[in-house]
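Only one structure is covered here, and it is reproduced in the block below.
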Amino acid sequence: MILSNPKGTQDFLPPYGDQKALVENEFRKVVSLYGFSEIVNPTFEHTELYLRSTGLTTDIVTKQMYTFTDKGNRELALRPEGTPGVVRAVLQNKLKLPVRLFYIGPMFRYERPQKGRYREFFQLGVEVIGESEPETDVEIIEMGMRFFNQINLSDLIVKVNSVGCPICRPKFRVQLRLFLDKNLEQICDDCKIRVEQNPMRVFDCKVEKCKEIYHDAPKISDNLCYDCQNHFQAVLKELNERKIPFELDKMMVRGLDYYTRTAFEFVPTGSSELGSQDSVGGGGRYDNLVEDFGGPKTPAIGFALGLDRILICLGNALTSRKLVYIIALDAQALKQGRQLLDTLRNAEIPALINPPDKNLRAALGIADNLSCEYVIIIGANEMQKKVYTLKNLTQRSQQEIPQDKIVEVLSKK
RNA sequence: GUGAGUGUAGCUCAACUUGGUUAGAGCACCUGACUGUGGCUCAGGAUGUUGGGGGUUCAAUUCCCCUCACUCACCCCA
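All residue numbers for the first sequence refer to my numbering, where the first residue is 5 and numbers rise by one.
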């Protein structure tokens, strides 16, 4: 069947395409208040970029990348996430630090699609490169919350944790490993694999039995080194002072290898439409990534929001369009209508004119289908009286407006 | 990658259990009643390779196998 989209992709049909753009623009507005500039990166990069950043132990890299060899024998991958590309661009172009960047665009991961999870999905992301202060962490968390408020998605908290750094994490891993080895008999099969590959991920397990056991396990946030501990305390204090609704979640560990210190997730609280996915976004510090790429030691932090999931949460909250539909009833009126169409558009009022052969009833039906807010009727009566009949479709009301006042009247609406 | 469930008109679904002449309904759509007033009403109309392929059978939407798609969950993540 040719007439079908590839698995895990979606068409944003009207009005969802418009709604998507609306959310993107709100995001642009909010982040620009915090001094972020938009960066547009390629949709594919050298595969190696992701191997060295996102991490060799992550599923994203080991199983989910869309990789291909191009005609010049380059090993490339459709981007599974945005951060590596941004960091690469910053280093390559030697941007002055600190820098605040945001991006909007599609990401690709080969996995089984389900509710709120697609092979092509859209992310809204921010990266702050070159700022180490705990206040920055809180500032961008607060910015995220402000964005969610702005789009009326306020039933939401942020889960916060610290995942340490290369100084404290290895020590902790040994400690955790000891604990897990003692309980190896009781944990599930998946967790047994995690113990070998990446012990901290056991905290993500959804099996009740495992959760009970891990309740008593040592936690990374209780075993931070001096600097990480100070940083984390400062973040928590600042979150409290700024009255940001957060929850300290010592079990939260994030999936990407490069995270250090502060990690967080935006989680809807109300009756979620997201199925088994619980977060609409997440992020954290990655203080070593720039150095890992061969750059100078540079602290950084960022987050990514799932646009598709946000749209699911918003549901059918549709905004009525401010589209004006002009209906001309005869040839003379049509000529007048076409002039009016130009006038309206020049005044930045979105407008359409009906095809000449439709009668009034049918034309109103079309206006209805297009969910126009206003209709302007031009017929012999209007031509004679030098007025337009302006009809409000939602209020089912109409009035005659002098022809030279129409732009003025519509501009106010 | 693993497991479960669904695919019938544009949409939501019925008929399948116990195979049997032209596969139905509601909404939507088209036409008209209504030749300058849309969401209502009434009358009429069009619509399906029953996801695709194969098998069993005199006969398959119905039973069996394969495949594809969707949904849900696991895994993982936005």
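Don't be surprised by glycine CBs; every beta carbon is placed ideally from N, CA and C.
Please report the Cβ distance between residue i and residue j, rounded to the nearest whole angstrom; I am assuming they are in contact, meaning their Cβ atoms lie under 8 Å.
i, j, result
"D35", "V167", "Contrary to the premise, residue 35 reads as Val rather than Asp in this sequence. The Cβ separation is near 24 Å, so there is no contact."
"V379", "L356", "Rounded, the Cβ-Cβ distance is 10 Å, inconsistent with contact."
"R104", "F40", "4 Å"
"L160", "T273", "6 Å"
"A332", "I405", "Not quite, the Cβ-Cβ distance comes to about 16 Å (not below 8 Å), so this is no contact."
"R83", "F126", "Actually they do not touch by this definition, with Cβ atoms about 12 Å apart."
"P203", "R177", "6 Å"
"S280", "V271", "13 Å between Cβ atoms; not a contact."
"E28", "I108", "5 Å"
"E42", "F106", "6 Å"
"L315", "Y20", "7 Å"
"P354", "K389", "Actually they do not touch by this definition, with Cβ atoms about 26 Å apart."
"F207", "M149", "Not quite, the Cβ-Cβ distance comes to about 24 Å (not below 8 Å), so this is no contact."
"C214", "I197", "Not confirmed; about 13 Å, so no contact."
Between residue i and residue j, what straight-line distance do the alpha-carbon atoms span, to the nearest angstrom?
i, j, result
"L278", "E200", "31 Å"
"A337", "Q403", "18 Å"
"Y122", "K24", "16 Å"
"G129", "D372", "37 Å"
"M5", "T13", "Residue placement at M5 is flagged as unreliable, the pLDDT there being 43, under the threshold of 50; the coordinate-derived value follows with that caveat. When rounded, the distance between both Cα atoms is 16 Å."
"K210", "D193", "12 Å"
"V90", "E386", "58 Å"
"F72", "N292", "28 Å"
"V94", "T302", "12 Å"
"G369", "A81", "48 Å"
"F183", "D253", "20 Å"
"N77", "R92", "21 Å"
"A384", "Q340", "11 Å"
"D15", "G285", "22 Å"
"A221", "Q233", "19 Å"
"L240", "P170", "21 Å"
"E115", "A238", "38 Å"
"N97", "P359", "53 Å"
"E212", "R205", "15 Å"
"S415", "Q343", "17 Å"
"I224", "K175", "10 Å"
"E377", "Q118", "36 Å"
"D312", "L17", "13 Å"
"E245", "L260", "29 Å"
"A304", "G288", "9 Å"
"G120", "R32", "23 Å"
"D22", "A366", "26 Å"
What residue range is occupied by the uninterrupted beta strand (DSSP E) comprising residue i?
i, result
"P406", "S401 to P406"
"R289", "G285 to R289"
"I43", "No beta strand (DSSP E) contains I43, which DSSP labels as neither H nor E."
"L60", "Run containing L60: none; DSSP gives neither H nor E here."
"V164", "L160 to S166"
"F72", "T71 to T73"
"E79", "E79 to L82"
If we call anything under 8 Å between Cβ atoms a contact, is residue i one with residue j?
i, j, result
"T251", "V142", "What sits at residue 251 in the sequence shown is Glu, not Thr. No, Cβ-Cβ distance for E251 and V142 is not below 8 Å."
"T347", "V411", "yes"
"F268", "V164", "yes"
"I1", "V162", "Missing from the structure shown is residue 1; the chain here goes from 5 to 417 and no further."
"G134", "L101", "yes"
"Y230", "T264", "no"
"L374", "Y329", "yes"
"V44", "Y54", "no"
"H235", "P138", "yes"
"Y262", "S57", "yes"
"I155", "E30", "yes"
"I248", "E124", "no"
"T62", "G306", "no"
"T51", "E85", "no"
"L157", "L26", "no"
If I follow the unbroken alpha helix (DSSP H) through residue i, where does it start and stop?
i, result
"V27", "Y20 to L37"
"R198", "D193 to Q201"
"E277", "Note, E277: premise wrong, no alpha helix (DSSP H); not H, not E."
"F176", "C172 to K186"
"Y54", "T51 to R56"
"S415", "I410 to K416"
"T3", "With the chain running from 5 to 417 in the structure shown, residue 3 is simply not present."
"V294", "L293 to D296"
"L327", "Element bounds for L327: n/a, residue is neither H nor E."
"D318", "Residue 318 is actually Leu in this sequence, not Asp. Note, L318: alpha helix (DSSP H), L311 to L318."
Legend entry - Whole alpha helix (DSSP H) elements within the segment 97-157, 4-residue minimum: 138-154
Inset, instruction - At 4 residues or longer, and completely inside the segment 338-403: list those alpha helix (DSSP H) runs for me, N to C. - result: 364-373 and 384-389
Legend entry - Runs of beta strand (DSSP E) lying entirely within the segment 199-278, each at least 3 residues, in chain order: 250-252 and 264-272
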